[in-house]
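If you want my numbering, it's the 1-based position in the sequence shown plus 73. Note that the Cβ used here is the ideal one computed from N, Cα and C, for glycine as well. Heads up: the structure comes next, in structure tokens.
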Amino acid sequence: MAKQVARREFLKRVGVGTGAAALFGSGTAMAQTHDHTASSPRQQEIDWEAMDHHHEMGIQTFLDNIDQDDNYWRQPLEYTLDGDTKVFELTCNNIEWETEPGKAFPAYAYNGMIPGPEIRVTEGERVRILVHNEMNQSTAVHWHGIDVPNDQDGVPFITQPVIKPGETYTYEFIAANAGSHMYHSHHNSLEQVVGGLLGAFIIEPASQRDEPVVDQDYTLILNDTFLGFTLNGKSFPYTQPLKAKLGERIRIRYMNEGLMEHPMHLHGMPMRVIAKDGYNLPAPYLCDTVAISPGERYDVLVEARAPGIWAFHCHVLSHAENRNGMFGMVTVLIVEE
């Protein structure tokens with residue numbers, strides 16, 4: 074009962090009335106099984122009541138799961154100091170990873186999580202990253218978008234030997250170029266990257282003069298294939314919402330580590346695209362959908378100007394919704410009054 078009362082109060086706070094509360098439902102949350110393949114409406118009759126129930130229960134599960142995943146929004150990886158060098162450690166593991174209720178897959182992970190922990194440093198700092206390979210196969214780490222010396226680029230048999238099982242390899246370089254970057258495997262990458270060996274590497278500019286002032290800073294890593302369609306390693310209804318108070322400005326850093334393009338669409342308010350692949354755009358522009366190709370990064374600003382719960386999803390609909398309800402690359406932006 075307490076959870077139901079809390080949910081009603083929550084919906085009131087974000088300015089959503091009883092009609093939306095009825096839509097979201099108050100029954101017991103349940104996991105759904107999704108057939109994510111598209112089919113023609115003429116192929117079979119639709120049990121619309123069952124379809125509505127599946128949609129409602131998916132939303133209910135999402136609401137019940139809000140704030141239940143402390144690791145969804147990655148905190149910067151802790152480091153030690155060796156003189157003026159920041160020292161980070163990444164451990165590669167074979168794991169089982171649950172992307173949504175009842176769906177777990179064999180996967181690869183940095184430090185036991187997908188995506189791996191966020192590495193965040195300041196432009197001009199020297200970083201050292203120790204990579205411990207505890208997997209059952211060799212690997213390497215590529216610093217995607219970061220200007221590094223050739224011997225630190227992380228491509229086996231071109232710039233370095235592989236990191237064999239049981240070995241540790243050390244990378245060291247200056248974080249030279251500010252922006253939203255990524256790190257991921259560059260060995261058996263078709264399996265290792267989409268299977269979980271990926272993460273965000275954010276280099277803050279040394280001068281904040283040209284940086285936008287924001288109240289919230291979110292990173293959304295898009296992935297697909299072996300683990301399904303995921304945002305930060307989870308599929309709806311196990312994704313978490315973005316949150317802002319009315320009038321706040323939020324920054325969203327999109328990063329696509331998958332094999333497909335994902336046009337991310339935010340309902341209710343536009344996005345201002347300010348950077349691509351870590352480089353500030355000379356002419357930012359407004360849109361409601363940003364198409365992110367594999368390997369690309371986009372930074373956008375959103376002015377939280379309208380209260381409510383706003384749908385936020387990939388607009389390739391086979392990545393987001395079917396007759397069994399929403400799934401995959403779906404979350405919401407909650408704007409509280």
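Quick check on the burial criterion: 16 or more other C-beta atoms within 10 angstroms. Buried or exposed for residue i?
| i | result |
| --- | --- |
| T241 | exposed |
| F309 | buried |
| I121 | Here the sequence assigns Trp to residue 121, which means Ile is not the residue at that position. By the neighbour-count rule (16 or more Cβ atoms within 10 Å), W121 is not buried but exposed. |
| T153 | exposed |
| R282 | exposed |
| Y327 | buried |
| E169 | exposed |
| T134 | buried |
| D372 | buried |
| Y358 | exposed |
| P179 | exposed |
Using the three-state DSSP reduction, which class does residue i fall into: helix, strand or coil?
| i | result |
| --- | --- |
| D137 | helix |
| A377 | coil |
| R396 | coil |
| D60 | In this structure the chain extends from 74 to 410, so residue 60 is not present and cannot be described. |
| L203 | strand |
| I276 | strand |
| G368 | coil |
| G175 | coil |
| G401 | strand |
| M186 | strand |
| N209 | coil |
| L150 | coil |
| I119 | coil |
| I382 | strand |
Given a cut-off of 9 Å on the beta-carbon distance, is the pair residue i and residue j in contact?
| i | j | result |
| --- | --- | --- |
| T195 | C165 | no |
| F230 | E264 | no |
| E409 | K316 | yes |
| R345 | V375 | yes |
| G252 | G227 | no |
| G272 | Y291 | no |
| H127 | G398 | yes |
| P238 | E207 | yes |
| G401 | A393 | yes |
| G322 | K349 | The sequence shown places Arg at residue 322, rather than the Gly named in the question. Not a contact, by the Cβ cut-off of 9 Å. |
| M337 | F302 | no |
| L293 | L304 | yes |
| L150 | N184 | yes |
| I276 | R147 | no |
Since residue i contacts residue j with CB under 8 Å, what's their CB separation in whole angstroms?
| i | j | result |
| --- | --- | --- |
| L332 | D288 | Not really, about 34 Å apart at Cβ, beyond 8 Å. |
| C387 | H335 | 5 Å |
Unbroken stretches of the beta strand (DSSP E), 3 residues or longer, contained in the stretch 311–360
Listed in chain order, they are 315–318, 322–329, 335–339, 344–349, 352–360.
I'd like the ranges of any beta strand (DSSP E) spanning at least 3 consecutive residues and lying wholly in the stretch 284–309.
Those beta strand (DSSP E) runs which fall completely within the stretch 284–309 and span 3+ residues are 289–296.
Could you tell me which uninterrupted alpha helix (DSSP H) segments, each at least 4 residues in length, are contained entirely in the stretch 212–274, listed from first to last along the chain?
For the stretch 212–274, whole alpha helix (DSSP H) runs of length 4 or above, ordered along the chain, are 262–265.
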